[in-house]
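Reviewing the structure listed below.
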Amino acid sequence: MMSTVDNPMVYGGGTAIQILIKQGILFADNFVDLAGIPGLTEITADAAGLRAGPMVTARGMETDDRVRRVAPLASTAYRHVANPRVRNTASIGGNLAHGDYRLDPPPALLALDATVEATSVRGTRSLPVRQFFVDFQQTALAPDELVTAVRIPAQPTGSAYRFVKYSSLSANDWPCASVAVLIAGREVHIGLGALAPVPRYASFDATGMTDQAAVDAALEVIAPLLDPIPDVRGSVRYKRRLAQVIVEDAVRGAWKDLDNA
Amino acid sequence: MPETPEKTSRQDWVGGRRARYDALGRVRGVVGHVGDQPVGTCAHVAVHRSTQPHAAIRAVHTEEALAIDGVYAVVTGADLHKRFGEALLTGPAFADQPALAYDKVRFVGEPVAAVLAADLATAREAADAVYVEYDELDPVYDLDTALNGESYVHDELRPSAVFGDLRHLDGVRDTNINYEYRLRHGNPNKVSGARTVRGEFWAPPTHHVPIELPCTVAWVEGGRLEMLTTTQTPSYVRQTIADLLDLPLSRVRVTTRPLGGSFGAKMYDRLEPLAAALAWQFQRKVRLAASREEAFLLTTRHGAAITSTLTADAGGQLSAATADVAYDTGAYADVGPRITAKSGMVAPGPYRIGSVDVRSRCVYTNKPSAGPFRGFGVPQVTWSHESLIDELAHELGEDPYAFRREHLLREGDLAPMGTRMHSADFVGCLDAVAESISWDTQPDRGTGRIRRGRGVAVGVKAVLTPTIANAVLQLNQDASATLMISTVDMGQGSDTIMAQIVADVLRVDSRRVHVVRADTDVTPYDTITAGSRSTYHTGNAVRAVAESMRVRLLALAAEQPEQPEQHGQPERSGVDTGELDEERIAEIVHAHFGARGATLTTEANFTSSWSPYDKETGRSEKVTEHWFAGAVGVRLAVDTATGRVHLEHLAVAGDVGRAINPALVEQQLTGAAIMGIGHALFDQLVLDQGQLVNGTLLDYQLPSIRDLPDELTPIIVESPHDDGPFGAKGVGETGILAVAPAIGNAIRDAIGLRFTRLPMTPEAIVTALESR
Ligand SMILES: Cc1cc2nc3c(=O)[nH]c(=O)nc-3n(C[C@H](O)[C@H](O)[C@H](O)COP(=O)(O)OP(=O)(O)OC[C@H]3O[C@@H](n4cnc5c(N)ncnc54)[C@H](O)[C@@H]3O)c2cc1C
């Protein structure tokens, strides 16, 4: 269908699209509403991890028992999106395809090494989330491609995680900075949101490190990734500072859980 | 307390906590607002807005817009000016704002042309197709350029003809200052102070963001201009439109629906002059509905810069206060000149101070116009005086609470501007909040990342004076009543408390009293619903109209033959019922007319008076009918790593004279405090070169439920006013006055840094901590 109508646009939950329409900066001639297509709202879990359809809502990811068990970091990140009304409507496919630099779920999906299943008339391909966010408001999806699933590997047993979202003005505002940290085995994975024109990812090997050393190493690996966009929510300088604070908080918090485990 | 009579519970009367009569309807969305009303066939209007902050209009090209299918007409400011002449310029203090700009534009977003079309989408599309050629003029982006530069937003000042006290400003050229108020008492410069504190304060422009958006529908019927509009000022709008269209008042009708919030955003000249001009010009029904983004451009709260000092003499007495206040009123004066005087006169604060010198100026810039906003400019000067006195206390090694307490004005004291204090219990309010936040217990200030502190602040504001209120009461034979007033209920609950007042006087169930919503064909003149004036002014008129009904009923009863003792209720003796109750009223009216369903009508007026400011000193024996006194106490924690402030407890007290309905008073105090929290911490309009940067709800910051303090305590203080209805005064603004400085003072207590610029964002706090 995407290849048969003029200037089409996929309609997921519509929470982003409606705003763009209202702002008068969206020009699509036809909307293809995914809500009518069966089977896109399914979540399945196996030993390897989760597979979630694109029309699963953020709220669904937040509350689903399997998601909570298999990838609690993902569930936590989805819980931080906006408010229950938006979460009940926003789809996870739309959240990814929107490609906005400051959405909350992408940092978690980066840390978890999730993959996006993209489908078009040419077939289906698998795109690692770590290669998905190409540029400001731009993803690796081709114009006629649909997100048909998100695969999230299971968090290994004995891993620890933290998601920290910080809003600099009203507490319910969009994030000024967000970070997802997953410590699995010796590897520390860090996903950053709102701190550069795209969500960013970094990792390092923490073998033999103390918590302080891990914090220092984390701050070192994120430093070159920070490229914040100044806006009413904060200057470049402030956002850089915040990045350090929340990354330290997240790494320290996760490390503590490891120690306690 | 007398026993509760059976048929009418105390809940319904003065002092009762009756819920708003329309609370459920508002929450469930079944109360119809103006924008919800079906309007039938009409022309939908969209406006083309200026892209320039300051420019002469060279040409407006409308051909392309006119060619679009479904477009009825495109009108430019020049078209309207040709038709209506100088009457196109309106405003409550200065006649300076055109419904559409015609000679030049004065802010980015100013309406330049209007499109009438079959539907809104077409109208908007056509509005985009209008093309304007400008000759750019030097823009005046800020107060500094306005005061020191050579570019003028208006070529000459145009005070409204109706105000004698502004006449001397008529035609004045080469200035951006449209009004200056000066208060002088004693000689502050001669005072040799033991200690002086000084500050340069800034409170930014903000927006009201009522949930309901402004909407106006206007049409012509029987040669009359009729209008349904979201306004707090129906009587004012009627006069403005009569003047604009050169019609007698009887040929203009302004009606309202319940407003979904306003806070000053829907006052004076918003969409109404343009709607009236278009409806009249084309003799057809027009509908103007502001989008959220457009609403941000309609009016704002004044940004204000204040340079001020406070001096204590060697004996610790407050010997002098000075303040140089500049209100940024944007492109149009609106009510700015009034705000400038009323707020300037309280700039020294509610303290016993030997000498004062205040200069308060209202200044034009090329920004969206600023107008009334909950507090009428007073929160901005409170930010200054409550920060100063706090700092002075710290410098003198005094406890900020005790220091204020010692110097606060008491009953009977003469305030610095020359008016006596009555029913303004600052000490009671301050004590109440200090107790509520356990002032005496030192906070655990902490040594690590989280620091804690506590702060208090006091606020004073005068009620708008002089003003006029009228009420007409129609008593139905079945002892129900219909009250006609032009007070607009916008969620504050005025319809509910006015019914309580009538019910209390007549001893009937207040649910039997219907308040007719403002309709200038029916409801009598009332100055405005604003400035927290209605409970006192309209409340007095309502009380009087009910009293006169009571007298009337008793007189009728006296004329009527003796009734058998059928209703002699001995238990009534403890209550001063004037021998009335619902059954008795029904009998009296029935006996008088000999008919069921007959009506009796009474009317009453209440007008307050003042003595104008002395030309030399700015002082006045009676500058206001009464005072609002409020205080706020705060306990908070500052995260020194992120700069984020977490409010642990906020207590807000207001002296309301007497609470007609304590539940509604508490809600006003609470709501005002929440709004004040936003202003203290993050709420502001950000402009860059005259362009609004955050004028959408995606970016504009309002307090959310998660920004509320862990504990929020509203406290009612009652020191009855001699002339208030049952001793009552209003409360809409009292709670907001002192919020920002109380929070600033608590931050000072927590981290030792004094902030003088609002809002105190996390970034501002971190930056200050870093540069310490
Ligand atoms: C008030 C508000 C507050 C918000 N706050 C936050 C927040 O705090 N944190 C946060 O992370 N996010 C926040 N959001 C953003 C929200 O998460 C996104 O708008 C949402 O996830 C987008 O999903 P959707 O299904 O509504 O997308 P839509 O609006 O339907 O679509 C968005 C884009 O994705 C495309 N698209 C949709 N589905 C697919 C698909 N399956 N395949 C290919 N393309 C597709 C559409 O064509 C469109 O370009 C907020 C949104 C609102 C309205």
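Going down the list, the sequences are from chains P and X.
With our numbering applied, the first sequence corresponds to residues 1 to 261, in that order.
With our numbering applied, the second sequence corresponds to residues 262 to 1033, in that order.
Glycine included, C-beta positions come from ideal geometry on N, C-alpha and C.
Quantities reported herein were computed from a predicted structural model and do not represent experimental measurements.
{"Asked": "Reduced DSSP secondary structure (H/G/I, E/B, other) of Met209(P)", "Found": "coil"}
{"Asked": "CB of Arg715(X) within 8 Å of CB of His668(X), strictly", "Found": "no"}
{"Asked": "Proximity test, His98(P) beta-carbon vs ligand 1 heavy atom, cut-off 7 Å", "Found": "yes"}
{"Asked": "Span of the alpha helix (DSSP H), counted from its first residue to its last, around Phe664(X)", "Found": "661-668"}
{"Asked": "DSSP state of Trp480(X) mapped onto helix, strand, coil", "Found": "strand"}
{"Asked": "Lys165(P), buried or exposed, once every other Cβ within 10 Å from all chains shown has been counted against 16", "Found": "buried"}
{"Asked": "Distance CB(Val198(P))-CB(Tyr78(P)) smaller than 8 Å", "Found": "no"}
{"Asked": "The stretch 301-321 of chain X / the stretch 782-792 of chain X touching (three or more Cβ pairs under 8 Å)", "Found": "no"}
{"Asked": "Enclosing beta strand (DSSP E) for Tyr392(X) [first to last residue]", "Found": "392-397"}
{"Asked": "Neighbour flag for Thr903(X) against chain P, beta carbons, 8 Å", "Found": "yes"}
{"Asked": "CB of Ala791(X) within 8 Å of CB of Met528(X), strictly", "Found": "yes"}
{"Asked": "Presumed contact (8 Å Cβ cut-off) between Leu539(X) and Gln298(X), rounded CB distance", "Found": "18 Å between Cβ atoms; not a contact."}
{"Asked": "DSSP three-state assignment for Glu264(P), whether helix, strand or coil", "Found": "Examination of residue 264(P) is not possible in this model, given that chain P is present from 1 through 261 alone."}
{"Asked": "Rounded C-alpha distance that separates Met262(X) from Asp273(X)", "Found": "Note that Met262(X) scores a pLDDT of 38, beneath 50, so its modelled location is shaky and nothing firm can be said."}
{"Asked": "Buried versus exposed, by CB contacts within 10 Å (16 or more), Ile1026(X)", "Found": "buried"}
{"Asked": "Partner residues on chain X for Arg172(P), Cβ-Cβ distance less than 8 Å", "Found": "Per the sequence presented here, residue 172(P) reads as Asn, with Arg not at that position. Ordered by position in chain X, the residues that pass the 8 Å Cβ test against Asn172(P) are Ser965, Ile966, Arg967, Asp968."}
{"Asked": "Residue range of the beta strand (DSSP E) that includes Pro495(X)", "Found": "Looking at the DSSP string, Pro495(X) is not in any beta strand (DSSP E); the run it does join, the alpha helix (DSSP H), is 495-506."}
{"Asked": "Any chain X beta carbon closer than 8 Å to Tyr238(P)", "Found": "yes"}
{"Asked": "Under 9 Å by beta carbon: chain P residues contacting Asn260(X)", "Found": "This structure leaves residue 260(X) out entirely; chain X is present only between 262 and 1033."}
{"Asked": "Proximity test, Ala149(P) beta-carbon vs ligand 1 heavy atom, cut-off 7 Å", "Found": "no"}
{"Asked": "Residue-level contact to chain X via CB, Val164(P), 8 Å cutoff", "Found": "no"}
{"Asked": "Given Trp174(P) as reference, the closest of Asn88(P), Gly60(P), Gly14(P), His80(P) once Cα atoms are compared", "Found": "His80(P)"}
{"Asked": "Exposed unless 16 or more other CB atoms sit within 10 angstroms - verdict on Arg200(P)", "Found": "buried"}
{"Asked": "N- and C-terminal bounds of the alpha helix (DSSP H) containing Ile190(P)", "Found": "Taken as a continuous stretch (DSSP letters only), Ile190(P) belongs to no alpha helix (DSSP H), being part of the beta strand (DSSP E) at 187-193."}
{"Asked": "Ligand 1 heavy atom lying under 7 Å from the CB of Tyr11(P)", "Found": "yes"}
{"Asked": "Span separating the alpha-carbon of Val376(X) from that of Arg514(X)", "Found": "24 Å"}
{"Asked": "Chain X contacts from the stretch 223-236 of chain P (Cβ-Cβ distance under 9 Å)", "Found": "Asp231, Val232, Arg233, Gly234, Ser235"}
{"Asked": "Close Cβ partners of Ser771(X) (< 6 Å) along its chain, the five nearest in sequence each way excluded", "Found": "Asp273, Ala760, Gln761, Ala764"}
{"Asked": "Contact list for the stretch 1004-1031 of chain X against chain P, Cβ threshold 9 Å", "Found": "Pro1020, Thr1022, Pro1023, Glu1024, Val1027, Thr1028, Glu1031"}
{"Asked": "Close-in-space but distant-in-sequence residues of the same chain around Asp416(X) (CB under 6 Å, 5 per side omitted)", "Found": "none"}
{"Asked": "Sequence-distant residues of its chain with Cβ nearer than 6 Å to Ala779(X) (five each side left out)", "Found": "Pro495, Thr517, Ser747, Val749"}
{"Asked": "Near ligand 1: Asp231(P) beta-carbon under 7 Å from a heavy atom", "Found": "no"}
{"Asked": "Chain-order list of residues whose beta-carbon lies under 6 Å from that of Ala654(X) (same chain, five-residue window excluded)", "Found": "Pro661, Phe664"}
{"Asked": "Leu34(P): CB within 7 Å of a non-hydrogen atom of ligand 1", "Found": "yes"}
{"Asked": "At least 3 beta-carbon pairs within less than 8 Å: the stretch 1002-1010 of chain X vs the stretch 944-952 of chain X", "Found": "no"}
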